[in-house]
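Enquirer: Using our numbering, read the sequence shown as starting at 225 and increasing by one per residue. Ideal Cβ placement from N, Cα and C applies to all residues, glycine included.
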Amino acid sequence: MKLLSKINRTYFRYGILVFLIADVVIILMSNFILKEEIDQQLLLEAELIAETVEQKGNFLSVYPTDIVEEISYSEISKETTKDTVIYDSKHDDLVPYRELSTFKSINGKHYQIITRQMLMEFDDIFSLYTALISTVLGLIFVLVLLFTQKMNTILWGTFNKNVDLLKEHSFSSNNQLKLDNTGIDEFDDLNQVLKKMSDRLEKDYLASKEFSANAAHELQTPLSIIRNKCEDLFSYQDLNEKAINSIHEIYVSADRLSGITKALLLLAKIDHGQFNENEQINLNQFVDLKIESLKEILEDKNLKINFHSTDNCIISMDKRLANLWIQNILINAIKYSPDEEEIVIQLKNRSLFISNFGEKAITNPEQIFNRFYKESEQVGSSGIGLAIVKKIIDHYKIEFEYHFKNSKHVFEYRFPK
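1) Would you tell me roughly how many angstroms separate the C-alpha atoms of Val-603 and Tyr-429, rounded to the nearest one?
2) List the residues that DSSP assigns as beta-bridge partners of Tyr-626.
3) Grouping DSSP H, G and I as helix and E and B as strand, with all else coil, what is Glu-583?
4) Determine the DSSP secondary structure at Ser-229, reduced to helix, strand or coil.
5) Comparing C-alpha positions only, which one of Lys-584, Leu-610 and Glu-583 sits nearest to Asn-594?
6) What do you reckon, are the CB atoms on Arg-322 and Asp-307 nearer than 8 angstroms?
7) CB Asn-506 to CB Ser-540, shorter than 8 angstroms?
8) With DSSP run on the structure shown, which of helix, strand or coil describes Lys-433?
9) For Asp-542, count the other beta carbons within 10 Å of its own beta carbon; 16 or more makes it buried, fewer makes it exposed. Which is it?
10) Is Asp-404 closer than 8 angstroms to Thr-377 when the C-beta atoms are compared?
11) Near Ser-285, what residues of its chain come up, given a Cβ to Cβ distance below 7 angstroms and the 5 sequence neighbours on each side ignored?
12) From Pro-320, His-315 and Lys-302, pick the residue whose C-alpha is nearest to that of Val-309; which is it?
13) Shortest alpha-carbon distance to Tyr-560 belongs to which of Asn-464, Leu-481, Phe-581 and Ile-612?
14) Thinking Leu-267 and Leu-324 are a contact (beta carbons under 8 angstroms), I'd like their distance in whole angstroms, please.
15) How big is the Cα-Cα spacing for Asp-409 and Asn-415?
16) At a cut of 8 angstroms, does the region 510–528 reach the region 471–488 through at least three beta carbon pairs?
17) Considering Leu-518, what are the terminal residues of the alpha helix (DSSP H) in which it resides?
18) For the region 298–307 and the region 243–258, state whether three or more C-beta atom pairs, one from each stretch, are separated by less than 8 angstroms.
19) When the Cα atoms are used, what is the spatial distance from Leu-489 to Glu-434?
20) Can you tell me the Cβ-Cβ gap for Ser-579 and Val-568, rounded? I've got them flagged as a contact below 8 angstroms.
21) For Leu-343, does the three-state DSSP call read helix, strand or coil?
22) Between Tyr-335, Ile-538, Val-634 and Ile-555, which lies nearest to Glu-583 when the distance is taken from Cα to Cα?
23) Looking at Leu-522 and Ser-482, is the spacing between their C-beta atoms short of 8 angstroms?
24) I'd like to check one pair, Ala-270 with Thr-234: are the Cβ atoms closer than 8 angstroms?
25) Compute the distance between the beta-carbons of Leu-571 and Asn-630, then report whether it is under 8 angstroms.
26) According to DSSP, Ile-295 sits in a beta bridge with which residue or residues?
27) Could you check the C-alpha separation between Ala-585 and His-627 for me, to the nearest Å?
28) Considering only the alpha carbon of each residue, which of Gly-239, Gly-281, Leu-343 and Asn-399 lies closest to Glu-260?
29) Could you compute how far the alpha carbon of Lys-420 sits from the alpha carbon of Asn-384?
30) By DSSP, does Asn-255 sit in helix, in strand, or in coil?
31) Output the boundary residues of the alpha helix (DSSP H) element that contains Ala-383.
32) Classify Val-248 as buried or exposed, calling it buried when 16 or more other Cβ atoms lie within 10 Å of its own Cβ.
33) Can you name the start and end residues of the alpha helix (DSSP H) that Gln-400 belongs to?
34) Give the straight-line distance between the Cα atoms of Lys-427 and Ala-492, rounded to the nearest whole angstrom.
35) I'd like to check one pair, Tyr-353 with Lys-277: are the Cβ atoms closer than 8 angstroms?
36) Closest to Leu-425 by CA distance: which of Asn-500, Ser-329, Leu-401 and Ser-477 is it?
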């Protein structure tokens with residue numbers, strides 16, 4: 225979630241709480257102020273009634289708003305104000321009133337003067353003020369939202385542009401990271417930190433890349449010499465069987481070490497992003513070609529590959545990585561499939577299924593992609609083939625799932641849509 229979106233959501237969430245509190249407080253305060261004002265009017269009206277009684281000797285009561293009653297001295301009490309309700313026969317309803325009861329002694333007589341004024345019902349007050357507050361706060365929220373969006377365009381525009389530059393930047397290219405100045409100290413300080421970090425990472429990346437290439441190259445030379453010397457030794461006539469077996473083991477180990485070195489270099493290249501020339505690949509045709517290229521290996525083990533698809537599957541990949549991926553998963557299936565059995569490959573719904581017979585399920589399927597992990601110690605297995613597969617499918621966000629069903633290992637690869 226973007227920062228401004230989070231701010232807006234937080235503002236909206238707490239804005240509702242503030243609105244409810246403000247609504248209640250304003251209604252209570254308004255109700256209190258309104259009653260204070262009405263009490264002042266009622267008191268003034270009572271004073272006018274008292275003057276009328278003093279001047280004329282009596283006052284004609286008007287029910288229910290103005291009532292004057294003559295009382296005895298013992299009935300005189302303190303002046304009071306209160307809310308009350310009076311039945312309105314015309315509307316057959318109880319009507320709320322504010323009532324002031326005061327006592328006056330005029331010309332030797334004692335009077336109770338009651339003045340009343342109709343009040344708005346609380347529901348009406350609540351509805352009125354709620355609508356008013358909602359309108360005001362709604363306008364404020366809209367103005368703040370528009371202001372925030374404007375500020376986003378002005379203040380965050382360069383920042384967002386720099387974020388896009390960071391997303392697109394790659395150490396495999398020769399372009400240095402250049403971030404625009406935002407004019408905001410905090411953002412510019414962050415740009416400087418990111419620039420320094422990028423420079424350090426680029427140096428480390430180039431050093432790692434150079435080391436991988438040099439190490440692979442330097443290792444291949446002595447390994448080639450070892451293999452060549454072993455081949456020369458095979459031509460000697462006076463070697464006994466034990467010596468020949470030893471030389472053969474040296475040759476096989478050197479050849480295997482050469483394969484591991486090449487595989488590790490390949491993994492390093494994938495990590496360094498040296499395979500990014502994506503193109504549209506028809507996976508159906510690609511699998512057909514790889515099966516054809518492995519025809520001799522299949523014949524040696526008397527294996528048969530049954531490949532069928534429901535529709536054309538087009539994926540965007542670097543052709544070299546696609547070749548390595550398909551080749552490794554096919555070789556893995558061939559290597560661990562019993563002789564004279566069938567390997568089934570199926571393409572449907574943008575998923576690739578490869579299944580081969582096996583005696584039992586893989587013990588630790590979550591580890592089969594780890595480097596140098598092997599379920600069985602088979603000769604010629606480096607333990608890196610599936611690590612390369614894992615690196616490739618992670619690079620292209622291809623989902624993987626394994627299960628064992630009907631004495632078959634089933635590997636499923638699901639492509640992103």
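Expert: In short, the structure shows the following:
1) Caution applies to Val-603, whose pLDDT of 44 falls short of 50 and renders its modelled position unreliable; the value that the coordinates give is listed next. Each residue's Cα considered, the two are about 35 angstroms apart.
2) Phe-635
3) coil
4) helix
5) Per the C-alpha coordinates, the member of Lys-584, Leu-610 and Glu-583 positioned closest to Asn-594 is Leu-610.
6) yes
7) no
8) helix
9) Burial check for Asp-542: the Cβ neighbour count within 10 Å reaches 16 or more, so the residue is buried.
10) Taking 8 angstroms as the Cβ cut-off, Thr-377 and Asp-404 do not qualify as a contacting pair.
11) Ile-291 and Val-292
12) Looking at Pro-320, His-315 and Lys-302, the one whose alpha-carbon comes closest to that of Val-309 is Pro-320.
13) Just measuring C-alpha positions, the residue of Asn-464, Leu-481, Phe-581 and Ile-612 sitting nearest Tyr-560 is Phe-581.
14) 6 angstroms
15) 10 angstroms
16) Too few Cβ pairs lie closer than 8 angstroms, so no.
17) That residue, Leu-518, is in no alpha helix (DSSP H); it is neither H nor E in DSSP.
18) no
19) Straight-line Cα distance between these residues: approximately 11 angstroms.
20) Indeed, because the Cβ distance is near 5 angstroms, the residues count as touching under 8 angstroms.
21) coil
22) Closest by C-alpha distance to Glu-583, out of Tyr-335, Ile-538, Val-634 and Ile-555, is Val-634.
23) no
24) no
25) no
26) His-334
27) 8 angstroms
28) Leu-343
29) 19 angstroms
30) helix
31) Position check: residue 383 holds Phe in this sequence, whereas Ala was assumed. Unbroken alpha helix (DSSP H) run through Phe-383: 381–392.
32) exposed
33) Note, Gln-400: premise wrong, no alpha helix (DSSP H); not H, not E.
34) Lys-427 and Ala-492 have their C-alpha atoms roughly 16 angstroms apart.
35) The sequence given here has Val at residue 277, not Lys. Not a contact, by the Cβ cut-off of 8 angstroms.
36) Leu-401
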